[in-house]
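Under our numbering, read the sequence shown as residues 2 to 316, first letter to last.
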Amino acid sequence: MSDTPPLSPEVLELIPRLGTGRVEAPQGFLMDAAGVLTRRSIHGGSDSDPGLVHYRANPGSWEWTPLTWAVMTAGDSLTAVELGAGWGPWISRAYALARTLGIETRKVYGVEAEPTHFGYLTRHMEDNGIAPQERVLFEGLSAAQSGVALFPITETPDKSWGLRQVGPAGATREAVLQQMQAIAVSGEEGVYTLPRSPHRYQVQESISLADLIGDEPKVDFMHVDIQGSEGEVIPAAMDLLTERFRVVAIGTHSHEIEATLREGFAAAGWVCHHDSEQHHDDKGMLRDGHQVWRNPRFAPAPPVAAEAADRVEAR
2 MSDTPPLSPE VLELIPRLGT GRVEAPQGFL MDAAGVLTRR SIHGGSDSDP
52 GLVHYRANPG SWEWTPLTWA VMTAGDSLTA VELGAGWGPW ISRAYALART
102 LGIETRKVYG VEAEPTHFGY LTRHMEDNGI APQERVLFEG LSAAQSGVAL
152 FPITETPDKS WGLRQVGPAG ATREAVLQQM QAIAVSGEEG VYTLPRSPHR
202 YQVQESISLA DLIGDEPKVD FMHVDIQGSE GEVIPAAMDL LTERFRVVAI
252 GTHSHEIEAT LREGFAAAGW VCHHDSEQHH DDKGMLRDGH QVWRNPRFAP
302 APPVAAEAAD RVEAR
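Listed below in structure tokens is the structure:
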């Protein structure tokens with residue numbers, strides 16, 4: 002295969018097969034088309050549930066297509082970033098595809114603020130053989146500038162995947178607490194309430210994209226789902242993105258944010274490959290919008306031959 006694959010759902014047909022025969026996932030795990038193992042307990046199942054295999058990536062997904070294209074055209078190294086990572090599904094898929102295709106140099110970065118979810122993230126990296134030296138995981142918030150911010154505390158982390166930062170980030174804990182008029186909860190160190198709010202909060206560290214990736218020269222794919230903070234994080238990092246990032250996939254959380262991102266990426270010369278607005282579905286549920294942008298300053302490397310290796314059964 003010598004031609005550059007399209008950045009369209011057709012690229013999913015180039016994902017190497019999981020194996021030549023029947024493939025089985027270990028008990029308690031789901032295996033996806035990239036060969037990534039995810040504990041079923043993350044999705045409400047249990048470790049005793051039978052293993053399941055999804056042989057094909059969803060062609061209707063706004064995430065699978067740019068991720069697969071970015072890995073296929075990454076060249077001899079692969080770097081991926083996930084902001085609002087949860088358990089890290091997209092950086093693990095990028096890593097797994099790169100490993101299967103024989104890309105030897107691999108590095109992933111994940112940022113997640115909710116403590117239980119961060120534990121899932123760390124364990125998921127271990128479940129999929131992503132070594133400590135191949136990953137940078139930050140427990141905290143993605144922000145325009147590194148510092149601290151308030152983040153809600155949940156008693157039901159398995160059901161709370163849409164938590165978001167409250168108020169602006171600040172340089173110091175004291176500045177944030179004063180600005181938000183936070184009230185310390187008696188007998189619970191580090192726990193605060195806010196006026197006119199029934200929730201409880203903690204101060205979390207925040208990190209800018211520049212501080213996260215340091216001197217990383219090229220990022221092939223970034224997935225962003227940070228519950229509205231994308232409206233500040235992405236514009237603040239636009240120069241960095243244009244200099245070093247190839248493909249960015251963003252979950253959006255308001256029409257105002259969507260317009261800001263369109264304007265910013267277009268002005269910087271990026272090419273839009275997907276743009277759907279936040280909306281209510283047929284059942285009245287509010288659904289995120291999605292945008293996918295490609296940086297034309299990076300020519301795609303010659304694609305790795307998809308026939309390089311059919312995968313064997315799960316580890």
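Yeah, the Cβ is synthetic: ideal placement off N, Cα and C, and Gly gets one too.
> To the nearest whole angstrom, what separates the beta carbons of Gly168 and Leu151, a pair I think is in contact under 8 Å?
Replying inline: 6 Å
> Ordered along the chain, which non-local residues of its own chain (more than five positions away) have a Cβ less than 6 Å from that of Asp226?
Replying inline: Gly85, Gly252
>> In the DSSP output, what is Glu113 paired with across the bridge?
In response: DSSP lists Glu140 as partners of Glu113.
> Taking all protein chains shown into account, do 16 or more other C-beta atoms lie within 10 angstroms of the C-beta of Thr74, making it buried, or fewer, making it exposed?
Replying inline: Burial state of Thr74 is buried, judged by a 10 Å Cβ sphere holding 16 or more other Cβ atoms.
>> Please classify Lys172 as buried or exposed, where buried requires at least 16 neighbouring CB atoms within 10 angstroms.
In response: Note that residue 172 is Ala in the sequence shown, not Lys. Exposed, by the Cβ-count rule.
> Opposite Ser207 in the DSSP bridges: which residues?
Replying inline: Leu142, Gly148
> Nearest-angstrom Cα distance between Ser147 and Gln279?
Replying inline: 28 Å
> Using 8 Å as the Cβ pair cut-off and three pairs as the minimum, do the region 230-245 and the region 103-113 touch?
Replying inline: no
> Under 7 Å between the Cβ atoms of Val137 and Val177?
Replying inline: no
>> DSSP three-state label for Pro133, please.
In response: helix
>> What does the Cβ neighbour count give for Val1, buried or exposed, with the cut at 16 atoms within 10 Å?
In response: Beyond the ends of the chain as shown, which are 2 and 316, falls residue 1; an answer cannot be given.
> So what's Arg18 in DSSP terms, helix, strand or just coil?
Replying inline: coil
> Closest to Lys160 by CA distance: which of Ser42, Met286, Gly290 is it?
Replying inline: Ser42
>> Suppose only complete runs of 3+ residues qualify. What are the beta strand (DSSP E) ranges in the region 204-277, listed by chain order?
In response: 220-225, 246-253, 272-277
> How would you label Gln182, buried or exposed, when you count the other beta carbons within 10 angstroms and need 16 or more for buried?
Replying inline: The C-beta of Gln182 has fewer than 16 other C-beta atoms within 10 Å across all chains shown, which makes the residue exposed.
> From Ala309 to Asp283, what does the alpha carbon distance come to, in whole angstroms?
Replying inline: A caution first: Ala309 carries a pLDDT of 45, below 50, which makes its placement in the model too unreliable to give a value.
> Counting along the chain, where does the alpha helix (DSSP H) carrying Trp65 start and finish?
Replying inline: Its alpha helix (DSSP H) spans residues 65-73.
> Hey, would you say Val220 sits closer than 7 Å to Phe246, going by beta carbons?
Replying inline: yes
> Ser255 to Arg23, Cα distance in whole Å?
Replying inline: 44 Å
>> Do Thr66 and Pro10 count as a contact pair if the criterion is CB distance below 7 Å?
In response: yes
> Got a sec, what are the start and stop residues for the alpha helix (DSSP H) Trp91 sits in?
Replying inline: Start and end: 90-101.
>> I'd like to know whether the C-beta atoms of Gly141 and Ile208 end up nearer to each other than 7 Å.
In response: yes
> Can you give the Cα-Cα distance for Pro297 and Glu189, rounded to whole angstroms?
Replying inline: Approximately 51 Å between the Cα atoms of the pair.
>> Give me the residue from Arg18, Gly36, Arg40, Val248 with the minimum Cα distance to Gln28.
In response: With distances taken between Cα atoms, Gln28 lies closest to Arg40.
> On the premise that Gly89 lies in contact with Leu68, defined as a C-beta separation below 8 Å, what is that separation, rounded to the nearest angstrom?
Replying inline: Their Cβ separation, rounded to whole angstroms, is 13 Å, which puts Leu68 and Gly89 out of contact at 8 Å.
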